[in-house]
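Number of protein chains: 2
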Amino acid sequence: MSVDYKQNALGRFIPNTVNGKEQTPFLGVGKYKPVGNKAAPPLATCADYPTDGNKVVGSLHEALEKVGLQDGMTVSSHHHFRNGDLVMNRVFDVIKEMGIKDLMWFPSASFPCHAPLIERQKDGTIHHIEGSMNGPLGDYASQGKMRGTGVLRSHGGRWQAIQDGEVHIDVAVIAAPTADQFGNCTGDRGPSACGLLGFALADSVYADRVIVVTDNLVPFPCVPWQIQGQNVDAVVVLDKVGNPEKIVSGTTKITRSPDRLLIAELTAKFVRAAGILRDGWSFQAGAGGTALAFAIFVSDMMRELGIKARFVRGGSTKYLVEMLEEGLTDFILDGQTFDLEGVRSMRENPNHINTSPFTSYNYHGKGNFASLMDAVVLGATEVDINFNANVVTHSDGRLLHGIGGWQNCLFSKCTILPIPSMRDRVPVIVDEVTTIVGPGELIDVIVTERGIAINPRRKDLIDATKSSGLPIKPIEQIRDEVFRLTGGPPAKPEFVDKDIAIIKWVDGTVLDTVKQLRINN
Amino acid sequence: MSVDYKQNALGRFIPNTVNGKEQTPFLGVGKYKPVGNKAAPPLATCADYPTDGNKVVGSLHEALEKVGLQDGMTVSSHHHFRNGDLVMNRVFDVIKEMGIKDLMWFPSASFPCHAPLIERQKDGTIHHIEGSMNGPLGDYASQGKMRGTGVLRSHGGRWQAIQDGEVHIDVAVIAAPTADQFGNCTGDRGPSACGLLGFALADSVYADRVIVVTDNLVPFPCVPWQIQGQNVDAVVVLDKVGNPEKIVSGTTKITRSPDRLLIAELTAKFVRAAGILRDGWSFQAGAGGTALAFAIFVSDMMRELGIKARFVRGGSTKYLVEMLEEGLTDFILDGQTFDLEGVRSMRENPNHINTSPFTSYNYHGKGNFASLMDAVVLGATEVDINFNANVVTHSDGRLLHGIGGWQNCLFSKCTILPIPSMRDRVPVIVDEVTTIVGPGELIDVIVTERGIAINPRRKDLIDATKSSGLPIKPIEQIRDEVFRLTGGPPAKPEFVDKDIAIIKWVDGTVLDTVKQLRINN
Chain E
135 MSVDYKQNAL GRFIPNTVNG KEQTPFLGVG KYKPVGNKAA PPLATCADYP TDGNKVVGSL
195 HEALEKVGLQ DGMTVSSHHH FRNGDLVMNR VFDVIKEMGI KDLMWFPSAS FPCHAPLIER
255 QKDGTIHHIE GSMNGPLGDY ASQGKMRGTG VLRSHGGRWQ AIQDGEVHID VAVIAAPTAD
315 QFGNCTGDRG PSACGLLGFA LADSVYADRV IVVTDNLVPF PCVPWQIQGQ NVDAVVVLDK
375 VGNPEKIVSG TTKITRSPDR LLIAELTAKF VRAAGILRDG WSFQAGAGGT ALAFAIFVSD
435 MMRELGIKAR FVRGGSTKYL VEMLEEGLTD FILDGQTFDL EGVRSMRENP NHINTSPFTS
495 YNYHGKGNFA SLMDAVVLGA TEVDINFNAN VVTHSDGRLL HGIGGWQNCL FSKCTILPIP
555 SMRDRVPVIV DEVTTIVGPG ELIDVIVTER GIAINPRRKD LIDATKSSGL PIKPIEQIRD
615 EVFRLTGGPP AKPEFVDKDI AIIKWVDGTV LDTVKQLRIN N
Chain X
135 MSVDYKQNAL GRFIPNTVNG KEQTPFLGVG KYKPVGNKAA PPLATCADYP TDGNKVVGSL
195 HEALEKVGLQ DGMTVSSHHH FRNGDLVMNR VFDVIKEMGI KDLMWFPSAS FPCHAPLIER
255 QKDGTIHHIE GSMNGPLGDY ASQGKMRGTG VLRSHGGRWQ AIQDGEVHID VAVIAAPTAD
315 QFGNCTGDRG PSACGLLGFA LADSVYADRV IVVTDNLVPF PCVPWQIQGQ NVDAVVVLDK
375 VGNPEKIVSG TTKITRSPDR LLIAELTAKF VRAAGILRDG WSFQAGAGGT ALAFAIFVSD
435 MMRELGIKAR FVRGGSTKYL VEMLEEGLTD FILDGQTFDL EGVRSMRENP NHINTSPFTS
495 YNYHGKGNFA SLMDAVVLGA TEVDINFNAN VVTHSDGRLL HGIGGWQNCL FSKCTILPIP
555 SMRDRVPVIV DEVTTIVGPG ELIDVIVTER GIAINPRRKD LIDATKSSGL PIKPIEQIRD
615 EVFRLTGGPP AKPEFVDKDI AIIKWVDGTV LDTVKQLRIN N
């Protein structure tokens, strides 16, 4: 079957249809204007639900029958348990036993723990996956073995796709560390505590039918009701829903690499020099070693300057929690907790606030929090001289990562990518990224161990830092230095002419495709 | 113009259309099954909103122009400021100046402070009002002077009507005691604090366009964001949005009437005798003098028995707050705060929980909290021998009250109406209520100063209390006693054959009509 392609605003060729659905090529940032109305879930009536509020059923099988699961439907799940999820493999085992086929699995992300779902693809239970595929599932798709095409979306893009009706969820499965019989549930407590459940919020609001799965049933009311029981059809109690050690790491580690520490320090010095670090500022940094080190450096600077942040955005870690508890920030606005201290703080600190992709990232809303941030510090696998960046594939073309909130954060007032200029002798600064995940116009600053490159569009930042003494240089100069050291640009990966995945932009248009690797076959 | 009527399941005649919309007659509790999907608000895009999140505009006029208000649209508002609202009269003054006509005003309730909106009806700015009309606006409608027909809905019914698309809100105006520039807002703090904003939640989620009006702008983020800025189009700052003394009463008063105290005590004794008062129970009682006295009596009993409630439902008052802070209840699940202590507790106590008509009352959801309550204690203007009850008109036919959450609470496991058997020598227990607002099948117990009547459907309650020594008697016997004392049934009001309002049931069907009073003309 031949596929028709259109070229998008960044010059990439985009298939007209993917998994049977028409696609719109990326038109440029802010150019695509959605028309029409939000998705409208079916009406329900209390007359069809137990008046005593007890929705507990005896098993996953019973719950899946109750909600009417059928061939070809879409089943969704969240990834707050990360690599410690004990629910979805069991769910698909039960579905296989029920003889139901050709499902679309729509997780907010999948992890190596979901490797058994390769078997559920082989036996026809799962048709294909839309959502990030980390590890074995991504490898399976990269080999061209998945029946449909992967669709990678940011956290905000996933909300947008559900809200806009691009993805219709028939059955949402929401694994919950604590729940009541009515279906109210929370992630901030219980033996499998994961902090929050924001990635499942859209599913609970828009799915036709919703199943909550918990290992910690508490008397009504379960508060905070991060997910509201009024959207829930059935509750299933299992012995164990998550593996705590793999849900959150007990400790989060700052990088010890001298290069990475230098990059983190340069990033902190840059935000100070640019006037971004001021009383009442805000920032987001992830849980990677460099980002954590950045948070430590700016914390020191804030103490020194006697200033505080108005809010910091999580993924929360013990470092952000320390900032909150020390008074270096008024609030943590958190989208997911990355360690046990984050979970504890979410439960205990009233100013550690539960956010969702709706509040933080949804581009088809009346604004969101991402664009209010003064600075965001993110990673990338590749950046090119047009400041386009890649987070899903490496230079060798392998699909290894999801998008997460990365695309959404690019709308921050200053987007900074502190990255090494090369990894394992492979250049990270390149002429053209393998896969465009972030358009260069939104990426403001690249910080490497060889110097800082500012996007020429940001004359304000160039002016503000020109007398700072920081090693600011054109990105082409960094690229040239790297190419000299590595012996030239990275080898181009060889692809088969088959899309194994597409990369959605935050507005539902298509930024790029990921092709099947020749080397894998 | 002649109107066609159909008889509903309770024998009342219901117009086929009201305000141009087709109506379904009440079919019986739980009999009407909604089909179709929820209302779907228009898609928005961040590209159309300020990236710095600042949605503040200079005036109400500017905001109303920005959201595109036009003739014939529906403008909604909430009633958390009760009789202290300073916003909606100003809004309609501005609309009048703009020359916009024939609006439908859709408040969650209106109060005597809104008397100036009679002028906005006379000058054509407002076409008609759907929502409870307390005081002068109700009187104006009762005289047949409002152009359209009033539609009275319960709090849950209002959510259901919005959610189901029966009422489309073009522009929601949300007065907020505290807000940020992005439109996040809360009711629990600020000079005009009213506790919470739950009655405006549906408006914020489903309206095409949303304007927040505040007198207390705080730096982003305003938390708790009871209303989320992602649903907000514009923010207007006024000098003063509410009159604090009229928003909440500083003190809430327990009845001193010996009869009312007796009724409250009998009610408390009944819930104990019936086995409802047990460790982990739950109840809802309003802010009226009798209900407050009931709460005091059951608190004493709980102390005596060494038990506590799992939750009590507010309207919160200082009495419920004392129960929470003393440990007599684990939670207050609150829908509106009735006094300053309620506002303080909502702000300070993590177990004083913000609820909305969605969580508590919406009948077109997958269950709600009302049916989980062990007992609810409510008022009524009339009850008939079939246990049908009335809360909107008096025996003289005057429309004096809204429905509030009253209909929704009837789904409690035990609905008790502690009421005097007569008021001002007019019988309250009658042969047939003037207006049916609650079907008798949901009303379990009537407690009067002359004895307790149990609905014959509730054999379980009859059995449980038969040896209690409580003065339990048939409702007909109470009616006969009252009629003997008052000289017979109340005089039938004389009506003109014109509907001035209809009474919706929680599922959107029509329970009854209210006719124009002949005496008023």
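Protein sequence lines correspond, in order, to chains E and X. Residue numbers are given in my numbering: position 283 of the first sequence equals residue 417, and the series is strictly consecutive. Residue numbers are given in my numbering: position 479 of the second sequence equals residue 613, and the series is strictly consecutive. We treat Cβ as the ideally placed atom computed from N, Cα and C, and that holds for glycine.
Worksheet item: Do you know offhand how far E/P608's Cα is from E/I588's?
Response: As a first step, residue 608 of chain E is located in the first sequence; it is residue number 474 there, counting from the start. As a first step, residue 588 of chain E is located in the first sequence; it is residue number 454 there, counting from the start. Taking the straight line joining both Cα atoms gives about 7 angstroms.
Worksheet entry | Residues of its chain near E/N655, where Cβ-Cβ distance is below 6 angstroms and the 5 sequence neighbours each way are ignored | Within the first sequence, residue 655 of chain E is the residue found at index 521, counting from 1. Unreliable positioning characterises E/N655 in this predicted model, as indicated by a pLDDT of 43, which lies under 50. A coordinate reading is not provided.
Worksheet item: From E/A309 to E/L220, what does the alpha carbon distance come to, in whole angstroms?
Response: If you number the first sequence from 1, residue 309 of chain E lands on position 175. If you number the first sequence from 1, residue 220 of chain E lands on position 86. E/A309 and E/L220: Cα-Cα distance of roughly 9 angstroms.
Worksheet item: Is the region 526 to 534 of chain E touching the region 406 to 419 of chain E, taking contact as three or more C-beta pairs under 8 angstroms?
Response: no
Worksheet item: Nearest to E/S391 by CA position, among E/I553, E/V190 and E/F160, is which residue?
Response: For the purposes of this step, residue 391 of chain E is identified with residue 257 of the first sequence, where counting begins at 1. Closest by alpha carbon: E/I553.
Discussion item. As a quick exercise: from E/K452, E/G282, E/T493 and E/V366, pick the residue whose alpha carbon is nearest that of E/L198.
Written reply: Within the first sequence, the letter at position 64 stands for residue 198 of chain E. Comparing Cα positions, the closest option is E/V366.
Discussion item. I'd like the list of long-range same chain contacts for E/I537, defined as Cβ closer than 7 angstroms, with 5 residues on each side in sequence excluded.
Written reply: Position 403 of the first sequence holds residue 537 of chain E. Within the same chain, E/I537 has close Cβ partners S266, L286, R287, S288, V525, V526 and V571.
Item to complete: Tell me whether E/L439 is buried or exposed, calling it buried when 16 or more other Cβ atoms sit within 10 Å of its Cβ.
Response: For this step, residue 439 of chain E is matched to residue 305 along the first sequence. It counts as exposed.
Fill in: Contact between the region 497 to 506 of chain X and the region 171 to 182 of chain E (3+ Cβ pairs under 8 angstroms)
With a cut-off of 8 angstroms, the region 171 to 182 of chain E and the region 497 to 506 of chain X count as touching, because enough Cβ pairs lie within range.
Discussion item. Under 9 angstroms, CB to CB, which of the residues in the region 349 to 374 of chain E have a partner in chain X?
Written reply: P353, F354, P355, V357, P358, W359, Q362, G363, Q364, N365, V366 and D367
Practice prompt. Run through the region 379 to 443 of chain X for me and flag every whole beta strand (DSSP E) of 3 or more residues, listed as ranges in chain order.
Written response: 415 to 419
Worksheet entry | For X/S546, the residue or residues it bridges with in DSSP | For the purposes of this step, residue 546 of chain X is taken as residue 412 along the second sequence, with counting starting at 1. In DSSP, X/S546 forms no bridge with anything.
Worksheet item: Going by alpha carbons, who is nearest to E/N483 out of E/G329, E/A173 and E/V347?
Response: To locate residue 483 of chain E, count along the first sequence from 1; it is residue 349. The candidate whose alpha carbon is nearest that of E/N483 is E/G329.
Discussion item. Quick test of the definition: if touching needs 3 or more C-beta pairs under 8 angstroms, does the region 144 to 156 of chain X touch the region 539 to 554 of chain E?
Written reply: no
Worksheet item: Is the Cβ of X/P590 closer than 7 angstroms to any Cβ of chain E?
Response: If you number the second sequence from 1, residue 590 of chain X lands on position 456. With 7 angstroms as the cut-off, X/P590 does not count as an interface residue toward chain E.
Discussion item. Can you confirm whether E/L506, when its beta carbon is compared against all beta carbons of chain X, has any partner nearer than 7 angstroms?
Written reply: On the first sequence, residue 506 of chain E is found 372 positions in, with the first residue counted as 1. Yes, E/L506 counts as interfacial toward chain X.
Fill in: Exposure of E/D434, with buried meaning 16 or more beta-carbon neighbours within 10 Å
As a first step, residue 434 of chain E is located in the first sequence; it is residue number 300 there, counting from the start. That one is exposed.
Worksheet item: In the structure shown, what three-state DSSP assignment does X/I609 receive?
Response: Taking the first residue of the second sequence as position 1, residue 609 of chain X is located at position 475. If DSSP states are grouped into helix, strand and coil, X/I609 belongs with the helices.
Worksheet item: Where does X/S479 land, buried or exposed, given buried means 16+ other C-beta within 10 angstroms?
Response: Within the second sequence, residue 479 of chain X is the residue found at index 345, counting from 1. X/S479 comes out buried.
Practice prompt. Taking 7 angstroms as the cut-off, decide whether the C-beta atoms of X/V644 and X/P159 are in contact.
Written response: To locate residue 644 of chain X, count along the second sequence from 1; it is residue 510. To locate residue 159 of chain X, count along the second sequence from 1; it is residue 25. Contact: yes.
Practice prompt. Identify whether X/D597 lies in helix, strand or coil by the three-state DSSP scheme.
Written response: Taking the first residue of the second sequence as position 1, residue 597 of chain X is located at position 463. X/D597 falls in the helix class under three-state DSSP.
Worksheet item: Alpha carbon to alpha carbon, how far is E/G290 from E/D373?
Response: Counting from one through the first sequence, the residue named residue 290 of chain E turns up at place 156. Counting from one through the first sequence, the residue named residue 373 of chain E turns up at place 239. The alpha-carbon atoms of E/G290 and E/D373 are separated by roughly 32 angstroms.
Worksheet item: Does X/Y340 get closer than 7 angstroms to chain A when you measure Cβ to Cβ?
Response: Looking for chain A here will not work: the only protein chains present are E and X.
Worksheet item: When DSSP builds the beta bridges, which residues end up paired with E/I234?
Response: Within the first sequence, residue 234 of chain E is the residue found at index 100, counting from 1. Partner(s): none; E/I234 has no beta bridge.
Discussion item. Applying the 10 Å Cβ sphere with the 16-neighbour rule, what's the burial state of E/G574?
Written reply: Taking the first residue of the first sequence as position 1, residue 574 of chain E is located at position 440. Buried, because 16 or more other Cβ atoms sit within 10 Å of the Cβ of E/G574.
Fill in: Short CB-CB distance (under 7 angstroms) between E/I487 and chain X
To locate residue 487 of chain E, count along the first sequence from 1; it is residue 353. So, interface residue.
Fill in: DSSP three-state assignment for E/T451, whether helix, strand or coil
In the first sequence, residue 451 of chain E corresponds to position 317, counting from 1. Coil, per DSSP.
Worksheet entry | Within-7 angstroms CB hit, E/T208 to chain X | Taking the first residue of the first sequence as 1, we reach residue 208 of chain E at position 74. Against chain X, the CB of E/T208 has no partner CB under 7 angstroms away; the residue lies outside that interface.
Discussion item. What does the alpha-carbon distance come out to for the pair X/I664 and X/F147?
Written reply: Since the first residue shown for chain X is 135 and the last is 655, residue 664 of chain X is missing from the structure and cannot be characterised.
Fill in: Heavy atom of the ligand SAH within 6 angstroms of E/L251 beta-carbon
For the structure depicted, the ligand SAH is absent and the ligand set is empty, with no information on it obtainable.
Fill in: Where X/P168 sits in the DSSP three-state scheme
What you label residue 168 of chain X is simply residue 34 of the second sequence in a count that begins at 1. X/P168: coil per DSSP, three-state reduction.
Discussion item. For a test of the three-state rule: what should DSSP assign to X/Q470, helix, strand or coil?
Written reply: Here the question's residue 470 of chain X lines up with position 336 in the second sequence. The answer is strand: DSSP assigns X/Q470 an E or B state.
Worksheet item: Pairing CB atoms from the region 452 to 465 of chain X with CB atoms from the region 302 to 322 of chain X, are three or more of them under 8 angstroms?
Response: no
Worksheet item: Is the CB of X/N654 under 7 angstroms away from at least one CB in chain E?
Response: Position 520 of the second sequence holds residue 654 of chain X. The predicted model places X/N654 with a pLDDT of 46, which falls under 50 and marks its position as unreliable; any figure quoted below should be read in that light. For X/N654, the answer is no, since every Cβ of chain E falls outside 7 angstroms of its Cβ.
Fill in: Range of the contiguous beta strand (DSSP E) that encloses X/K140
Start at 1 with the first residue of the second sequence, and residue 140 of chain X comes out as number 6. Counting along the chain, the beta strand (DSSP E) containing X/K140 begins and ends at Y139 to Q141.
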